[in-house]
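Residue numbers (the working numbering), protein chains in the order written: chain A, 300 to 517; chain B, 300 to 517.
This report refers to the structure that appears directly beneath it.
Protein chains: 2
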Amino acid sequence: MNSLAEENYLKAIYHLQRELNGDVSTNAIADRMETKPSSVTDMVQKLGEKGLVSYKRYKGTTLTDQGQKIAANVIRKHRLWEVFLVEKLKFHWDQVHDIAEQLEHVHSEELISRLDNFLGNPDFDPHGDPIPDKHGKMKRTEKKLLSELQKNQQGVCVGVKESSGEFLQYLDKKQISIGTKIRVLGKEFFDGSMVILVGKDQFFISKKIAENLYVQTS
Amino acid sequence: MNSLAEENYLKAIYHLQRELNGDVSTNAIADRMETKPSSVTDMVQKLGEKGLVSYKRYKGTTLTDQGQKIAANVIRKHRLWEVFLVEKLKFHWDQVHDIAEQLEHVHSEELISRLDNFLGNPDFDPHGDPIPDKHGKMKRTEKKLLSELQKNQQGVCVGVKESSGEFLQYLDKKQISIGTKIRVLGKEFFDGSMVILVGKDQFFISKKIAENLYVQTS
DNA sequence: TATCATATTTAGGCAAGGCTAAAAAAATAA
DNA sequence: TTATTTTTTTAGCCTTGCCTAAATATGATA
């Protein structure tokens with residue numbers, strides 16, 4: 300059984316490894332965890348001894364298979380709980396992160412398997428992120444950024460890149476959520492801004508918005 | 300915000316205060332928490348400084364109003380989660396305690412209020428114990444021990460006094476659960492044993508069983 | 001009341017996870 | 001290549017919550 304702190308480190312390393320695709324530096328982890336580099340060194344050494352990461356002094360850290368499995372499981376729990384909070388308890392998708400952050404550390408395989416079932420074995424969480432299965436594998440979608448679409452192309456919103464409260468609230472105000480169909484009515488070349496159609500409303504969005512929304516085309 | 304350890308102490312003191320109706324001794328707490336008396340002393344002193352218990356050296360500990368409120372809230376969460384686990388995730392009532400023990404420490408008023416709602420604002424948990432409302436008040440039922448019933452009286456099972464796995468499994472085997480109607484067909488004077496009717500089955504139970512089952516008569 | 005057993009507290013330590021300050025390695029610039 | 005900056009690690013300390021051993025209060029008994 301791993302401690303809460305250990306699980307959080309593994310999770311952070313898991314995400315960083317994907318973002319940076321490669322070894323993860325001590326500072327990067329410290330940044331993500333909002334802690335000091337010296338604390339990180341202590342912890343990755345401990346995780347190293349436990350065989351959950353491969354750590355070499357001054358070189359960086361990577362998850363071992365075992366560490367990866369544990370991290371994926373924590374993420375699985377986090378995302379399943381998010382689905383529960385949104386689908387069953389009717390939370391808004393921008394309110395669930397902190398609560399899921401706590402729920403993800405409840406230990407019980409039985410619980411999570413029953414929860415998964417209760418929710419209908421979802422493949423994606425309310426932000427469009429894939430939910431790993433019990434072996435740590437997740438569905439890969441061919442998702443693009445909205446900004447990559449051309450005039451008259453359309454796609455279904457499947458997730459966000461940036462997930463700050465402000466951004467999610469913006470989307471909410473515009474009635475954009477997972478599953479929302481979006482059609483590009485126009486696109487300005489010089490600044491990347493767009494006019495899009497959402498339901499019956501059409502409106503203007505900046506390049507910054509378009510670069511932070513994932514859509515599935517095909 | 301209180302730490303996990305603090306919440307567990309408050310909860311234990313809350314229960315003990317009711318069981319012993321009065322001040323709670325350091326040893327009693329240590330016993331309940333499966334920890335050493337010296338650790339308890341440390342903690343009650345700390346809780347005392349925080350104003351959550353009133354503690355006097357060598358005299359014992361009681362919850363303050365504030366401490367009581369916090370304890371009741373933890374218990375509320377525990378019992379609501381138990382309802383969720385049994386009603387929604389179809390756990391058996393004898394499997395949910397340890398999981399609820401973890402879930403009860405998730406901090407979010409909003410979460411618990413939505414959960415309460417989702418579950419239909421239940422008044423009792425799957426073991427028949429009352430669920431405190433958000434102000435810490437709980438419904439009082441006039442429940443008796445089965446052993447207090449006389450021949451030909453009947454009652455509805457509303458809870459258990461002892462809740463060990465063995466006992467709950469015994470009840471399960473006999474098809475007794477919350478809501479089960481039980482009629483006393485016979486009662487032996489000299490040892491308190493009974494013959495009872497449950498559904499269409501009648502069988503013998505010892506005094507020990509009868510003294511650990513709560514029924515509601517009226 | 002004096003004595004003895006029991007309950008409780010105090011003192012001093014330990015492990016987990018943090019932090020700061022200082023040392024050492026690596027990367028970058030001159 | 002040498003000097004300088006940045007990154008990382010080490011050393012030493014802090015808090016929380018636990019523990020053991022020793023000291024002290026309380027309460028029961030003679």
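Virtual Cβ for every residue (Gly too), placed ideally from N, Cα, C.
Fair warning: this is a prediction, and the values are worked out from it, not measured in the lab.
In the structure shown, the three-state DSSP call for Ser353(B) is strand. In this structure, the beta-carbon distance from Val483(A) to Gln452(A) falls below 7 Å. Measuring C-alpha to C-alpha distances from Gly498(A) to each of Gly359(A), Gln468(A) and Gly454(A) identifies Gly454(A) as the nearest. The stretch 412-475 of chain B contains, as complete beta strand (DSSP E) runs of 3+ residues, the segments 442-444 and 453-459 (chain order).
Only residues of its own chain outside the window of five on either side were considered, and among them Met493 have a CB closer than 8 Å to the CB of Glu487(B), listed in chain order.
Along the stretch 379-392 of chain A, going in chain order, the ones with a CB nearer than 9 Å to a CB of chain B are Leu384, Lys387, Leu388, Lys389 and Phe390. Within chain A, the C-beta atoms nearer than 9 Å to that of Ile398(B) come from Val405, His406, Ser407, Glu409 and Leu410, in chain order. With a cut-off of 8 Å on Cβ pairs, the stretch 389-403 of chain A is in contact with the stretch 401-414 of chain B, counting three or more such pairs.
Think of a sphere of 9 Å around the beta carbon of Gln453(A): no beta carbon from chain B falls inside it, the nearest being about 34 Å out.
C-alpha of Tyr354(B) to C-alpha of Asn372(B): approximately 21 Å in a straight line. Chain A has a Cβ within less than 7 Å of the Cβ of Gln401(B).
Under the 7 Å criterion on CB atoms, Arg413(B) is classed as interfacial with respect to chain A. Taken residue by residue, none of the stretch 463-486 of chain A has a beta-carbon sitting less than 8 Å from a beta-carbon on chain B. In this structure, Gly366(B) is the residue among Tyr357(B), Lys335(B), Pro336(B) and Gly366(B) with its C-alpha nearest to the C-alpha of Glu348(B). Counting along the chain, the unbroken beta strand (DSSP E) around Gln515(B) starts and ends at Leu512 to Gln515. When DSSP states are grouped into helix, strand and coil, Met342(A) belongs to the helix group.
Remark: three or more beta-carbon pairs, one from each stretch, lie closer than 8 Å, so the stretch 413-433 of chain B and the stretch 381-392 of chain B are flagged as touching. Sorting Ile495(A), Ile374(A) and Asn320(A) by C-alpha distance to the C-alpha of His406(A) places Ile374(A) at the top. For Val483(B), the enclosing beta strand (DSSP E) begins and ends at Lys480 to Lys486.
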